[in-house]
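To keep things clear, I will list the structure first and then write my remarks on it.
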Amino acid sequence: MIATIHHVALNVKDYDWYVRFFEEVFEMTVERQKGEAPKRQVWFNEGIQLNEVEDMGEMGSMYSHIGIASDDWDTVIERAVARGCTQYADKKHWFDMPDGFAIELKKPRE
Numbered sequence: 001m002i003a004t005i006h007h008v009a010l011n012v013k014d015y016d017w018y019v020r021f022f023e024e025v026f027e028m029t030v031e032r033q034k035g036e037a038p039k040r041q042v043w044f045n046e047g048i049q050l051n052e053v054e055d056m057g058e059m060g061s062m063y064s065h066i067g068i069a070s071d072d073w074d075t076v077i078e079r080a081v082a083r084g085c086t087q088y089a090d091k092k093h094w095f096d097m098p099d100g101f102a103i104e105l106k107k108p109r110e
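For the sequence shown, position 14 matches number 14 in UniProt numbering, and the numbering has no gaps at all.
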């Protein structure tokens, strides 16, 4: 099985500042954007995802989730559930760890 970090998603209030920060400081390239203020999202080719939120209390923290690429989702889900994780009913490629930490499974990048 191959497993690598696919992306890290952060909740941010000052969306435009964070987009410029990653573009200008790290020279990251926007892969795609979605939505309109105040619920915009951006994905950088380098593995950072930003989710715009109006109030951090709405999400609890800057952390949203980590995307992990795997070529064997069935085995990952089986192992995770056996260790107390909860698979999402509406998103079969997502699960929460026992402490609420969210994982999104992705296909490996080509």
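Built from N, CA and C at the ideal position, the CB exists for glycine as well. Just so it is clear, the structure is predicted and the values come from calculations on it, not from any experiment.
Within 9 Å, strictly: CB atoms of residue i and residue j
| i | j | result |
| --- | --- | --- |
| residue 93 | residue 47 | no |
| residue 32 | residue 42 | yes |
| residue 107 | residue 71 | yes |
Identity of the residue in the options nearest residue i by Cα
| i | options | result |
| --- | --- | --- |
| residue 1 | 97, 89, 73 and 85 | 73 |
| residue 111 | 18, 21, 109 and 52 | For residue 111 there is no data in the structure shown, the boundaries of the chain being 1 and 110. |
| residue 11 | 42, 23 and 64 | 64 |
| residue 69 | 30, 104 and 50 | 104 |
| residue 51 | 17, 79 and 40 | 40 |
| residue 30 | 38, 45 and 37 | 45 |
| residue 57 | 107, 76 and 13 | 13 |
N- and C-terminal bounds of the alpha helix (DSSP H) containing residue i
| i | result |
| --- | --- |
| residue 20 | 15-25 |
Endpoints, beta strand (DSSP E) assigned at residue i
| i | result |
| --- | --- |
| residue 76 | That residue, residue 76, is in no beta strand (DSSP E); its alpha helix (DSSP H) goes 73-82. |
| residue 34 | 30-34 |
| residue 101 | It is not in any beta strand (DSSP E) - residue 101 carries neither H nor E in the DSSP assignment. |
| residue 67 | 63-70 |
| residue 42 | 41-44 |
| residue 7 | 3-12 |
Exposure label - residue i; buried when at least 16 CB within 10 Å
| i | result |
| --- | --- |
| residue 26 | exposed |
| residue 9 | buried |
Exercise. With a cut-off of 8 Å, do at least 3 Cβ pairs link the segment 95-104 to the segment 77-85?
Worked result: Yes: at least three Cβ pairs fall under 8 Å.
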